[in-house]
Amino acid sequence: MKNGQYESTLLKLKGVEPITTAELIEKFGIEKESFFAIRVEEVNFFKGDFMKDKWVKHPFYDGYWGSSMGRVFREAYERKGRKYKTSLLDIGVHNTGRNGYLGVHVNRKKKYLHRFIMECFLQAEIPKGFIVDHKNNNPEDNRADNLQLLTTKQNNRKGVFENTGRTWTEIWGIFEMTKNGHTPENIASIRYPEDDLKDIISEIENILASNVLRKMYESVPPHADPLEDVFTLWEDLKERGEVNVTDRKG
Numbered sequence: 012m013k014n015g016q017y018e019s020t021l022l023k024l025k026g027v028e029p030i031t032t033a034e035l036i037e038k039f040g041i042e043k044e045s046f047f048a049i050r051v052e053e054v055n056f057f058k059g060d061f062m063k064d065k066w067v068k069h070p071f072y073d074g075y076w077g078s079s080m081g082r083v084f085r086e087a088y089e090r091k092g093r094k095y096k097t098s099l100l101d102i103g104v105h106n107t108g109r110n111g112y113l114g115v116h117v118n119r120k121k122k123y124l125h126r127f128i129m130e131c132f133l134q135a136e137i138p139k140g141f142i143v144d145h146k147n148n149n150p151e152d153n154r155a156d157n158l159q160l161l162t163t164k165q166n167n168r169k170g171v172f173e174n175t176g177r178t179w180t181e182i183w184g185i186f187e188m189t190k191n192g193h194t195p196e197n198i199a200s201i202r203y204p205e206d207d208l209k210d211i212i213s214e215i216e217n218i219l220a221s222n223v224l225r226k227m228y229e230s231v232p233p234h235a236d237p238l239e240d241v242f243t244l245w246e247d248l249k250e251r252g253e254v255n256v257t258d259r260k261g
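Position 176, counted from 1, in the sequence shown is what the numbering used here calls 187; the numbers after and before it change by one each time, with no gaps.
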């Protein structure tokens, strides 16, 4: 489809700001000869918020891009003599019913979306021994700034702490009172006299039974951020030489 025809198609769509082929090519750094006109239903991808996303090529899945908003785009390509158009890829639930993570098909294989987006912005594979964590614990929120690298130990620590629903000062105080001879029943009646004591006692017992929380109590002061050292900066990994940029193809 020639540029003029392509632009005419866009102009027919009510409320769609026309985007020229040249602008698309410049936006995504696509070679002109590899660009094929997109389908009409995909036009919205190339306007508004989609165009404002920060897009980064995946380091080893050739022709795939990830965005700062957690979207995936594939350049036009050709396979066995057939040409496929530029497209925004469908995103669906990965392993439905098990974990709620979203997935996307890359080279005809399902891949976790959060790992794909992280790899795009790291420009490397996920380092061995690390997982990609959602900061807000929402597996459907795959914005780049909501993703972080954690070790399994750090992830367990984050999960155990957040699942209590209590502040660190509260948890620290519970351990401190136990150290000073108070029982869960004493702690519940002193600290939470207006709550259901049976439920509170059970909650306190669960907190005291957690080895993770106990180790945190032994090393983190009451007014500190218990997760401060959890958030691993990618720059620190690079400085320690722990980043292995790969040139393998997916």
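Idealized CB from N, CA, C, for every residue including glycine.
- Note: Asp144 is bridge-paired with Gln159 in the DSSP secondary-structure output.
- Counting other Cβ atoms within 10 Å of its Cβ, Asn153 reaches 16 or more and is therefore classed as buried.
- For Arg85, there is no enclosing alpha helix (DSSP H); the residue is part of the beta strand (DSSP E) that begins and ends at 83 to 85.
- At a Cβ-Cβ threshold of 8 Å, Asp144 and Lys121 do not count as neighbours.
- At the C-beta level, Phe127 and Gly77 come within 8 Å of one another.
- Annotated as distal: Gly81 and Leu133, with beta-carbon spacing of 8 Å or more.
- One thing to note: Ser230 has its Cβ no nearer than 8 Å to the Cβ of Val171.
- Classified as buried, Pro70 has 16 or more neighbouring CB atoms from the shown chains inside 10 Å of its CB.
- Within the same chain, no Cβ atom closer than 7 Å to the Cβ of Arg90 is found once the five residues on either side in sequence are excluded.
- DSSP places Leu133 within a helical segment (H, G or I) once states are collapsed to three.
- In this structure, Leu219 lies away from Pro237, with their beta-carbon atoms at least 8 Å apart.
- Looking at the DSSP output, Ser78 shares a beta bridge with Trp66.
- Fully contained in the segment 185 to 248 are the following alpha helix (DSSP H) runs of length 4 or more, in chain order: 195 to 202, 208 to 220, 222 to 230.
- For the set Asp207, Asn157, Asp64, the Cα lying nearest the Cα of Lys146 is the one of Asn157.
- The straight-line gap separating the alpha-carbon atoms of Ser213 and Ile137 is approximately 39 Å.
- As a beta-bridge residue in DSSP terms, Lys122 pairs with Val115.
- Taking Ala199 as reference, the option from Glu216, Ala135, Val83 with the minimal CA-CA separation is Glu216.
- Residue Glu151 holds the alpha-carbon nearest to the alpha-carbon of Val115 among Glu151, Ala87, Gly92, Arg93.
- Here Arg177 carries a coil assignment [DSSP, helix/strand/coil].
- Beta-bridge partners of Leu99 (DSSP): Phe84.
- In this structure Asn167 touches Val223 by the C-beta definition: roughly 6 Å separates them, less than 8 Å.
- Pairing Val67 with Cys131, the inter-Cα distance amounts to about 6 Å.
- The C-beta distance from Tyr228 to Trp183 rounds to 6 Å, short enough to meet the 8 Å contact threshold.
- By the beta-carbon neighbour count (other beta carbons within 10 angstroms, threshold 16), Glu173 is exposed.
- Assigned with DSSP and collapsed to three states, Arg154 falls in coil, not helix or strand.
- For the pair Lys209 and Arg202, the Cα-to-Cα distance works out to about 13 Å.
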